[in-house]
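Undergrad: Protein chains in written order, with this note's numbering: chain A, 252 to 406; chain B, 252 to 406; chain C, 252 to 406. For reference, the structure I am asking about is given below.
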Amino acid sequence: MTASSMSKLDMLLETEEIRELISRYAFHLDMNHPKELASLFVEDCEVVYGPNFKAEGIEAYAKTLEGVGSYFVATSHHVSNTVVEFQSPDKANVRSILYAWHRYRRERPDSHVWGQYHDEVVKVNGQWKFKRRELRTTGSKDFHVKEMVPIGRAE
Amino acid sequence: MTASSMSKLDMLLETEEIRELISRYAFHLDMNHPKELASLFVEDCEVVYGPNFKAEGIEAYAKTLEGVGSYFVATSHHVSNTVVEFQSPDKANVRSILYAWHRYRRERPDSHVWGQYHDEVVKVNGQWKFKRRELRTTGSKDFHVKEMVPIGRAE
Amino acid sequence: MTASSMSKLDMLLETEEIRELISRYAFHLDMNHPKELASLFVEDCEVVYGPNFKAEGIEAYAKTLEGVGSYFVATSHHVSNTVVEFQSPDKANVRSILYAWHRYRRERPDSHVWGQYHDEVVKVNGQWKFKRRELRTTGSKDFHVKEMVPIGRAE
Numbered sequence: 252m253t254a255s256s257m258s259k260l261d262m263l264l265e266t267e268e269i270r271e272l273i274s275r276y277a278f279h280l281d282m283n284h285p286k287e288l289a290s291l292f293v294e295d296c297e298v299v300y301g302p303n304f305k306a307e308g309i310e311a312y313a314k315t316l317e318g319v320g321s322y323f324v325a326t327s328h329h330v331s332n333t334v335v336e337f338q339s340p341d342k343a344n345v346r347s348i349l350y351a352w353h354r355y356r357r358e359r360p361d362s363h364v365w366g367q368y369h370d371e372v373v374k375v376n377g378q379w380k381f382k383r384r385e386l387r388t389t390g391s392k393d394f395h396v397k398e399m400v401p402i403g404r405a406e
Numbered sequence: 252m253t254a255s256s257m258s259k260l261d262m263l264l265e266t267e268e269i270r271e272l273i274s275r276y277a278f279h280l281d282m283n284h285p286k287e288l289a290s291l292f293v294e295d296c297e298v299v300y301g302p303n304f305k306a307e308g309i310e311a312y313a314k315t316l317e318g319v320g321s322y323f324v325a326t327s328h329h330v331s332n333t334v335v336e337f338q339s340p341d342k343a344n345v346r347s348i349l350y351a352w353h354r355y356r357r358e359r360p361d362s363h364v365w366g367q368y369h370d371e372v373v374k375v376n377g378q379w380k381f382k383r384r385e386l387r388t389t390g391s392k393d394f395h396v397k398e399m400v401p402i403g404r405a406e
Numbered sequence: 252m253t254a255s256s257m258s259k260l261d262m263l264l265e266t267e268e269i270r271e272l273i274s275r276y277a278f279h280l281d282m283n284h285p286k287e288l289a290s291l292f293v294e295d296c297e298v299v300y301g302p303n304f305k306a307e308g309i310e311a312y313a314k315t316l317e318g319v320g321s322y323f324v325a326t327s328h329h330v331s332n333t334v335v336e337f338q339s340p341d342k343a344n345v346r347s348i349l350y351a352w353h354r355y356r357r358e359r360p361d362s363h364v365w366g367q368y369h370d371e372v373v374k375v376n377g378q379w380k381f382k383r384r385e386l387r388t389t390g391s392k393d394f395h396v397k398e399m400v401p402i403g404r405a406e
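Encoded structure:
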């Protein structure tokens with residue numbers, strides 16, 4: 252089944268649910284809720300935070316979340332400019348942009364990340380979930396991660 | 252009447268109006284329009300900006316707005332990640348997140364607030380309004396208000 | 252034809268497309284895609300970035316974009332709080348707010364702009380495009396442009 256069977260209204264209703272998925276991810280990340288975060292991904296997910304910082308499968312991803320609470324005192328993830336492109340009624344590619352602020356437990360300056368999320372989302376049992384989530388980085392300031400996936404800005 | 256009588260389309264149409272309410276609040280705050288701001292709240296509203304900084308009723312709230320023009324040269328309130336949960340067709344709980352920038356009249360650094368709005372909104376005479384608005388603070392930098400409601404991030 | 256012929260659903264579907272237009276503008280600006288950016292505007296467009304920094308017509312606008320790649324290493328444009336007011340089914344006024352971060356090629360601090368976009372958009376051959384785009388500035392820090400259109404905040 253392709254996306255061509257979807258009416259504009261179908262797409263809008265699904266888009267709203269996909270936006271909610273993205274908002275819940277940010278919320279649970281900022282609240283340090285690793286279980287709720289993991290529940291937003293399918294079992295065979297892939298999460299790419301950097302060229303050398305990936306997780307394949309939900310268990311590997313859940314492990315990357317263990318450090319969130321111990322590393323940061325606080326984070327705030329602001330997502331906007333979301334554009335959804337449906338591949339089929341239950342599969343879509345999503346692009347959005349992120350401004351994230353982080354405060355560390357260790358004595359070091361707050362950090363800022365400006366980036367893009369490139370997501371593949373799938374609808375499973377009536378729920379949109381992340382199949383693949385990749386963070387590309389437009390720029391950062393005082394961020395502890397140094398190797399990021401670039402956005403590929405034209406020269 | 253419960254929310255179960257609402258179709259997905261009903262919810263989406265109402266959600267759009269609620270998002271507009273939240274956008275108008277930010278706009279009129281940044282424009283220093285206290286009258287327009289107050290008109291977005293019901294008479295018996297409750298506004299909570301901090302544990303010791305609350306207003307009950309629209310007159311008390313209007314008084315808190317008097318200082319906005321004299322205290323700040325400029326503010327910018329950026330709201331995103333909005334999630335609406337309907338209690339009934341004319342009542343909903345809304346969560347969104349805020350990045351706010353402030354420039355003071357007094358000689359002091361610009362301040363930044365990263366937070367969450369937790370709102371109760373009601374539809375009265377065809378218009379969505381704030382019944383209760385609470386700002387919880389994820390973090391801040393150089394902000395003049397020191398006591399904030401925390402977001403309750405898990406340890 | 253006036254906007255009164257539009258149902259709420261019509262407006263919502265069109266609003267979604269207008270939001271996408273605004274998101275694409277930010278994306279192509281951050282990706283340094285001048286051709287794709289210009290394609291989002293009608294031939295007889297007007298773009299106002301400051302009181303002395305305007306472009307009339309798509310060719311003049313395209314020229315202003317030539318410097319984007321050489322001036323900045325990176326930019327990130329975060330748009331939210333979008334409110335659409337339809338004049339007719341194919342014409343609308345749109346207000347949104349911007350937080351923009353810029354990193355320069357030259358040795359100088361990153362800059363930040365907090366502002367409002369005031370747009371006139373038109374639907375031509377089934378595609379929403381910018382007819383007029385004006386950036387008003389709430390405030391900025393370390394930005395290289397000094398003369399900006401103010402938002403007109405009440406005193």
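Beta carbons: idealized from backbone N, C-alpha and C, even for Gly. Note that this is a predicted model, so its numbers are computed, not measured.
In chain order, what residues of the same chain have a beta carbon less than 6 Å from the beta carbon of B:E307, not counting five sequence neighbours either side?
TA: Stepping through the second sequence from its first residue, residue 307 of chain B is reached at position 56. The answer, listed in chain order, is E297.
Undergrad: Compare the C-beta of C:L386 against all C-beta atoms of chain B and say whether one is closer than 8 Å.
TA: Within the third sequence, numbered from 1, the residue matching residue 386 of chain C stands at position 135. With 8 Å as the cut-off, C:L386 does not count as an interface residue toward chain B.
Undergrad: Would you identify the three-state DSSP class for C:S290, choosing helix, strand or coil?
TA: One-based indexing of the third sequence puts residue 290 of chain C at position 39. It is coil, neither helix nor strand.
Undergrad: How far does the beta strand (DSSP E) with B:A351 in it reach, from first residue to last?
TA: By one-based count along the second sequence, residue 351 of chain B stands at place 100. That run of the beta strand (DSSP E) goes K342 to Y355.
Undergrad: Go ahead and label A:M252 buried or exposed: buried means 16 or more other beta carbons lie within 10 angstroms of its beta carbon, across all protein chains shown.
TA: What you label residue 252 of chain A is simply residue 1 of the first sequence in a count that begins at 1. Exposed is the call here.
Undergrad: Between A:E406 and chain C, is any beta-carbon pair separated by less than 8 Å?
TA: By 1-based counting over the first sequence, the position of residue 406 of chain A is 155. True, the Cβ-Cβ gap to chain C drops below 8 Å.
Undergrad: Please look up how many angstroms separate the CB atoms of A:R346 and A:Q367, rounded, as I've assumed it's under 8 Å.
TA: To locate residue 346 of chain A, count along the first sequence from 1; it is residue 95. To locate residue 367 of chain A, count along the first sequence from 1; it is residue 116. Contact flag correct, Cβ pair sits at about 6 Å.
Undergrad: Which residues in the same chain have their Cβ closer than 6 Å to the Cβ of B:N283, if we skip the five residues on either side of it in sequence?
TA: The count along the second sequence starts at 1 and reaches residue 283 of chain B at position 32. Contacts found: V319 and G320.
Undergrad: Please classify C:H328 as buried or exposed, where buried requires at least 16 other C-beta atoms within 10 Å of its C-beta.
TA: Looking up residue 328 of chain C in the third sequence gives position 77. The residue is buried, with at least 16 neighbouring Cβ atoms inside 10 Å.
Undergrad: What residues from the segment 252 to 267 of chain A come within 8 Å of chain B, judged by C-beta to C-beta, listed N to C?
TA: Listed in sequence order: L260, L263, L264 and E267.
Undergrad: Tell me, please, whether the CB atom of B:K392 is closer than 8 Å to any CB atom in chain A?
TA: Locating residue 392 of chain B in the second sequence gives position 141, where the first residue counts as 1. It does; some Cβ of chain A falls within 8 Å.
Undergrad: If you run the structure through DSSP and keep just helix, strand and coil, what is C:A325?
TA: Position 74 of the third sequence, counted from the first residue, corresponds to residue 325 of chain C. In this structure, C:A325 counts as strand in the three-state DSSP scheme.
Undergrad: Under a CB-based cut-off of 8 Å, is B:E271 close to chain C?
TA: For the purposes of this step, residue 271 of chain B is taken as the residue at position 20 of the second sequence. Yes, B:E271 lies at the interface with chain C (some Cβ there is under 8 Å from its Cβ).
Undergrad: For the segment 314 to 333 of chain A, which residues have a beta carbon sitting closer than 8 Å to at least one beta carbon of chain C?
TA: The residues in question are H329, S331, N332 and T333.
Undergrad: Give every residue of the same chain whose Cβ lies closer than 8 Å to the Cβ of A:V396, excluding the five residues on either side of it in the sequence, and list them in chain order.
TA: Locating residue 396 of chain A in the first sequence gives position 145, where the first residue counts as 1. Correct list, in chain order: Y300, G301 and F304.
Undergrad: Closer than 9 Å, Cβ to any Cβ of chain B: which residues of the segment 358 to 369 of chain C, in chain order?
TA: Flagged, chain order: H363, W365, G366 and Q367.
Undergrad: Could you list the residues in the segment 283 to 316 of chain A with a C-beta less than 9 Å from some C-beta on chain C, going in chain order?
TA: So the list is empty, because no residue satisfies the distance condition.
Undergrad: Using beta-carbon positions only, say whether C:F292 and C:K380 come within less than 8 Å of one another.
TA: The count along the third sequence starts at 1 and reaches residue 292 of chain C at position 41. The count along the third sequence starts at 1 and reaches residue 380 of chain C at position 129. Yes. Within cutoff.
Undergrad: Any beta carbon from chain C within less than 8 Å of B:F278's own beta carbon?
TA: The residue you call residue 278 of chain B lines up with position 27 of the second sequence. So yes, B:F278 belongs to the interface.
Undergrad: In its own chain, which residues sit with a C-beta less than 7 Å from the C-beta of A:D341, not counting the 5 before and 5 after it?
TA: In the first sequence, the residue the question calls residue 341 of chain A occupies position 90. Excluding positions up to five away in sequence, the list reads V373 and K374.
Undergrad: Give a yes or no on whether 8 Å exceeds the smallest Cβ distance from A:D281 to chain E.
TA: The chain labelled as chain E is not found among the protein chains of the depicted structure, namely A, B and C.
Undergrad: Should C:R387 and C:H369 be called a contact, given that it needs their Cβ atoms to be closer than 8 Å?
TA: Stepping through the third sequence from its first residue, residue 387 of chain C is reached at position 136. Stepping through the third sequence from its first residue, residue 369 of chain C is reached at position 118. Against a cut-off of 8 Å, the Cβ pair of C:H369 and C:R387 comes out as a contact.
Undergrad: Which of the three DSSP states, helix, strand or coil, is assigned to A:V396?
TA: The residue labelled residue 396 of chain A in the question sits at position 145 within the first sequence. Of the three classes helix, strand and coil, the one that applies to A:V396 here is coil, per DSSP.
Undergrad: I'd like to confirm the pairing. Which residues does DSSP put opposite B:A306 in its beta bridges?
TA: As a first step, residue 306 of chain B is located in the second sequence; it is residue number 55 there, counting from the start. B:V298, per the DSSP bridge assignment.
Undergrad: Using DSSP bridges, identify the partner residues of C:D370.
TA: What you label residue 370 of chain C is simply residue 119 of the third sequence in a count that begins at 1. Answer by DSSP bridge pairing, in chain order: C:V345 and C:R384.
Undergrad: Between B:A313 and B:A289, which are expected to be in contact by the criterion C-beta below 8 Å, what is the C-beta distance as a whole number of angstroms?
TA: Taking the second sequence and counting its residues from 1, the one referred to as residue 313 of chain B is at position 62. Taking the second sequence and counting its residues from 1, the one referred to as residue 289 of chain B is at position 38. Sure, about 5 Å apart at Cβ, within 8 Å.
Undergrad: Let me know if B:D261 comes out buried or exposed under the rule of 16 or more other beta-carbons within 10 Å of its beta-carbon.
TA: As a working mapping, residue 261 of chain B is identified with position 10 in the second sequence. Classification of B:D261: exposed, given that the 10 Å Cβ count is below 16.
Undergrad: Assuming A:V330 and A:L349 form a contact by the criterion Cβ under 8 Å, report the distance between their Cβ atoms to the nearest whole angstrom.
TA: The residue you call residue 330 of chain A lines up with position 79 of the first sequence. The residue you call residue 349 of chain A lines up with position 98 of the first sequence. 6 Å between Cβ atoms; contact.
Undergrad: Report yes if the C-beta distance between C:I269 and C:A343 is below 8 Å; otherwise report no.
TA: Residue numbering aside, residue 269 of chain C sits at position 18 when the third sequence is read from its first letter. Residue numbering aside, residue 343 of chain C sits at position 92 when the third sequence is read from its first letter. Yes, Cβ-Cβ distance for C:I269 and C:A343 is below 8 Å.
Undergrad: So is A:D393 buried or exposed if we call it buried at 16+ other beta carbons inside 10 Å?
TA: Residue 393 of chain A sits at position 142 when you count from the first residue of the first sequence. Under this definition A:D393 is an exposed residue.
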